[in-house]
Amino acid sequence: MRMVPATLGIATVPLAYLTLRGLDCRATTSLLASLFIIFENALITQSRHILLDSPLVFFTALTVFLWTGFCNEDKHEPFSDAWWGWLTLTGLSLGAVVSSKWVGLFTIATVGLGTIRQLWTLLGDLRVTPRLWIRHFLARALCLITVPILFYMAMFQIHFLILENSGEGDGFMSAEFQHTLGGRGMADTYAGAFQ
Amino acid sequence: MLSGAVRSRRPPSPPPSYHQSVPRFPPKEGHLDADERRAAASLGYGPSRKSAHAPGGYNLTPGEWKLLLVLVVIASAVRLFRISKPDSVVYAIPSLLYQITFRRADQSRTLKIPDSTKSILASSPRDTSRHDISWTFTPHWPNCSSRLQPSCQGLMGTLISRRLQSMFLRHFKSKSPHVAGDLS
Chain U
1215 MRMVPATLGI ATVPLAYLTL RGLDCRATTS LLASLFIIFE NALITQSRHI
1265 LLDSPLVFFT ALTVFLWTGF CNEDKHEPFS DAWWGWLTLT GLSLGAVVSS
1315 KWVGLFTIAT VGLGTIRQLW TLLGDLRVTP RLWIRHFLAR ALCLITVPIL
1365 FYMAMFQIHF LILENSGEGD GFMSAEFQHT LGGRGMADTY AGAFQ
Chain H
151 MLSGAVRSRR PPSPPPSYHQ SVPRFPPKEG HLDADERRAA ASLGYGPSRK
201 SAHAPGGYNL TPGEWKLLLV LVVIASAVRL FRISKPDSVV YAIPSLLYQI
251 TFRRADQSRT LKIPDSTKSI LASSPRDTSR HDISWTFTPH WPNCSSRLQP
301 SCQGLMGTLI SRRLQSMFLR HFKSKSPHVA GDLS
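Structure below.
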């Protein structure tokens, strides 16, 4: 079980390197940042325990990496296959971040602010027609709002499919939900007639 | 007497043939000269940048891929070191248990302080000239079981305990003729 957070902690290192390279930093700068991440005590400790923080950090790093790639591609050639690929993967990664922990909503907010800035810049660009601007807006709305929501809901669907039986964590759920679980030990109660 | 506006002008650049065929300091790859920098800046680009943004995709050289592989190997070594024992660490400094004994004919006093070196020096007898002094340093990792203690001790812990031992030697040697230390 410890291998999962450890592996994610390892994978964060090359992501940091590639992100900085994508931001046009020099190789030495990227190398230094990667070394900092490798030997950062808190991240090492996090990677050694079975916690949700390690997936959170990894998917946050992955989102920043993919978003950087998308921003580069957006300035290079919008609506190309690579552009759509970076954007869709960013949306999927955002869904993974928020599925790991709700703190990941801050990552969504960060990407959202970047998107608003991009759209604002496009709005002031006289070469961009209103029709093209709407295409930009819809593409981002589809990939950065709809895709993460679908990913998040799909994760719950997988949970419901796998974890269909009653367990120790039932107490956190509502009585209605507990009644849907197999092997429940909860007695039926009468619904209140006068409420 | 000059009449009209007088403007200072930049002298024209010398013809290309003026330059030596082999420049004394050949320009580095990607280097922009002053004119190119000014042209780039007028387009709103960053300093030393020919374009406003990085090109799409990632163009890493084979050497960089090898560097990335080395980084992953180092990261794996750091993250997976004794992964089954999460309390063990790669390069942490273990705390040290100090045990110092001051012996005299009429009294014997043992200090066992796991805190700081200063507290040991502060709580030692004032006049140690007639004491036999001996001490023990034990590098100690608090979360390890006693069986695993030797394997939990890092290199830094050993080095620091040796340094502390020499410091105690210097401190007490001038005061007492009978000084003995032990590093375990």
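Those sequence lines, one after another, are chains U and H.
Using the numbering used here, read the first sequence as starting at 1215 and increasing by one per residue.
Using the numbering used here, read the second sequence as starting at 151 and increasing by one per residue.
Backbone N, C-alpha and C define an ideal beta-carbon position, used for all residues, glycine too.
Predicted model only: the values in this text are computed from it and were never measured.
Within the stretch 1374 to 1403 of chain U, no residue places its CB atom closer than 8 angstroms to a CB of chain H. Using a Cβ-Cβ cut-off of 9 angstroms, A1241 of chain U is close to L210, T211, G213, E214, L217 of chain H, given in chain order. Within the DSSP bridge table, the entry for N1379 of chain U names U:G1396 as partners.
Around G1397 of chain U, the same chain offers N1379, S1380 as residues with beta carbons nearer than 8 angstroms, after the five sequence neighbours per side are excluded. Within the stretch 220 to 233 of chain H, the residues whose Cβ lies closer than 8 angstroms to some Cβ of chain U are L221, V222, I224, A225, S226, V228, R229, L230, I233, listed in chain order. Interface with chain H (8 angstroms Cβ-Cβ cutoff): V1325 of chain U is excluded. Annotated three-state conformation of T1242 of chain U is helix, per DSSP. In the structure shown, the three-state DSSP call for E214 of chain H is helix. Close to chain H, meaning a Cβ-Cβ distance shorter than 9 angstroms, are the following residues of the stretch 1275 to 1291 of chain U: T1282, G1283, C1285, N1286, E1287, D1288, K1289, H1290, E1291. Taking a cut-off of 8 angstroms on C-beta distances, the stretch 1257 to 1265 of chain U touches the stretch 1223 to 1240 of chain U, as three or more cross pairs fall below it. Around the Cβ of A184 of chain H, a 10 Å sphere holds fewer than 16 other Cβ atoms; the residue is exposed. Contact between the stretch 1300 to 1313 of chain U and the stretch 1271 to 1290 of chain U is present, with at least three C-beta pairs closer than 8 angstroms.
Residue state for D183 of chain H is assigned as coil, using DSSP reduced to three classes. Within the same chain, no residue comes within 8 angstroms of I1330 of chain U by CB-CB distance, once the 5 residues on both sides are set aside.
H1290 of chain U and V1278 of chain U have their C-alpha atoms spaced approximately 18 angstroms apart. DSSP places P1219 of chain U in the helix class (H, G or I) of the three-state scheme.
In terms of Cα proximity to P1219 of chain U, the closest of U:S1244, U:T1242, U:L1265 is U:L1265.
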